[in-house]
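S.K.:
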Amino acid sequence: MAKARAARSDKGGASGGKESDKMLQNALGQISKAFGEGSIMRLADAANQQIEGISTGALSMDLALGGQGFPRGRIIELFGPESSGKTTLALHAIASAQRAGGIAAFVDAEHALDPAWAKRLGVNLEELLVSQPTFGEEGLQIAEMLIKSNAVDIIVVDSVAALVPKAELDGEIGDKHVGLQARMMSQAMRKLTGAISKSKTTVIFINQIREKIGVMFGSPETTPGGRALKFYSSCRVDIRRIATLKDGEETIGIRMRGKVVKNKVAPPFR
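Heads up, this note's numbering is the position in the sequence shown plus 10, with the first residue counted as 1.
(1) Could you give the DSSP three-state label for Phe45: helix, strand or coil?
(2) Could you tell me whether the stretch 140-151 touches the stretch 167-178, where touching means 3 or more Cβ pairs closer than 8 Å?
(3) Near Ala172, what residues of its chain come up, given a Cβ to Cβ distance below 6 Å and the 5 sequence neighbours on each side ignored?
(4) On the three-state DSSP scale, how would you describe Pro125?
(5) Ordered along the chain, which non-local residues of its own chain (more than five positions away) have a Cβ less than 6 Å from that of Thr203?
(6) Give the DSSP-derived three-state secondary structure of Lys13 in the structure shown.
(7) Is the beta carbon of Ser106 closer than 8 Å to that of Gly67?
(8) Which same chain residues end up closer than 8 Å to Gly236 when comparing Cβ atoms and leaving out the 5 residues on each side of it in sequence?
(9) Report all residues from its chain with a CB closer than 8 Å to the CB of Ala17; omit the five preceding and five following residues, and keep chain order.
(10) Using 8 Å as the cut-off, can you tell me whether the stretch 25-38 makes contact with the stretch 242-255, which would need three or more C-beta pairs spanning the two stretches below that distance?
(11) Tell me which residue opens and which closes the alpha helix (DSSP H) that Asp180 is part of.
(12) I need the boundaries of the beta strand (DSSP E) containing Arg251, first residue and last residue.
(13) With hydrogens ignored, establish whether the beta-carbon of Phe116 is closer than 7 Å to any heavy atom of the ligand NAD.
(14) Considering Cα atoms alone, identify which of Glu182, Gly181, Trp127 and Ala103 is closest to Ile165.
(15) Give the range of the alpha helix (DSSP H) segment to which Leu101 is assigned.
(16) Helix, strand or coil, according to DSSP, for Leu75 in the structure here?
(17) Buried or exposed: which applies to Arg109, given that a residue is buried once 16 or more other Cβ atoms fall within 10 Å of its Cβ?
(18) With H, G and I counted as helix, E and B as strand and the rest as coil, what does DSSP make of Thr261?
(19) Taking contact to mean 3 or more Cβ pairs, one atom from each stretch, closer than 8 Å, check whether the stretch 198-218 and the stretch 77-85 are in contact.
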């Protein structure tokens, strides 16, 4: 009797498995028909399982990010104090992308891009697309259109803090606009993330730091623009100036340190 019950159970399990596979295939077929081919697939069937990247121009930073540099199709946030090398690192990545035959764009919300410095870092100014938006929504819409063109390899937005909402620009100095920039960035992240992934565009947001008042324990530092960028970023790099390089009495450069505080493509905190 026990052997008979086991045989019936095995037979039912096999037929049940075939039935569930058939139902799954029907569901997958309906999803593909409704939303198009590639809307759902098994991960092993993906065209490219290896995440490609754009070199930062520094081998140690590339290794800290996982070996490939800034990953393609992802959002990156570079943040740190003033004059710590954030824009310089982003320009090195632009130069790397251009040397590989890619197209780069720079959304200069701070209106402070130095063409001479960019050229010294290896950026091809004749091929670099530059936008200097008047207000934040304009800059993000320009970035969205470039991403959806599927033709741009890397976009740098400098900086999040300078993406001022139009309502704030139209108001008077001293007016309170609570949460406007955070809401703008949150909406932008929701709209851009899917398009960035499909286009394989690397989007780098440069951000400043602020200090929270009244913090007694822990770091008082925070970044403007709300929390959305923190969540949607695949990599967040904290950049600090740790030394000044001198030739005699003349200052010739700085030594910077980048700490990867968040990384979705490799182990973080390198």
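Ideal placement from N, C-alpha and C gives every residue a C-beta, glycine not left out.
As the structure is a computational prediction, the values presented were derived from the model and not from experiment.
M.R.: This is what the structure gives:
(1) Helix at Phe45.
(2) In this structure the stretch 140-151 lies against the stretch 167-178, because at least three pairs of beta carbons, one per stretch, are closer than 8 Å.
(3) Taken in chain order, the residues that qualify are Ala119 and Glu120.
(4) Pro125: helix per DSSP, three-state reduction.
(5) Within the same chain, and ignoring the five residues on either side of Thr203 in sequence, the residues whose Cβ sits closer than 6 Å to its Cβ are Tyr242.
(6) Its pLDDT being 48, under 50, Lys13 is placed unreliably by the model, and nothing is read from it.
(7) Yes; because the gap between Cβ atoms is below 8 Å, this pair is in contact.
(8) Closer than 8 Å at Cβ, skipping near neighbours: Gly189, Gln191, Ala192, Arg193, Met195 and Ser196.
(9) Confidence at Ala17 is low in this model, with a pLDDT of 48, below 50, so its placement is unreliable and no value can be given for it.
(10) A contact between stretches requires three or more CB pairs, one per stretch, nearer than 8 Å, and the stretch 25-38 fails this requirement with the stretch 242-255.
(11) Membership of Asp180 in the alpha helix (DSSP H) is indicated by the continuous run Lys176 to Asp180.
(12) Cys245 to Asp257 is the extent of the beta strand (DSSP E) around Arg251.
(13) Among the components of this structure there are no ligands whatsoever, and the ligand NAD is therefore not found.
(14) Looking from the CA of Ile165, the closest CA among Glu182, Gly181, Trp127 and Ala103 belongs to Ala103.
(15) Looking at the DSSP string, the run of the alpha helix (DSSP H) that includes Leu101 is Lys96 to Arg109.
(16) Three-state DSSP puts Leu75 in coil, outside helix and strand.
(17) Exposed: under 16 other Cβ atoms inside 10 Å.
(18) If DSSP states are grouped into helix, strand and coil, Thr261 belongs with the strands.
(19) Touching, yes.
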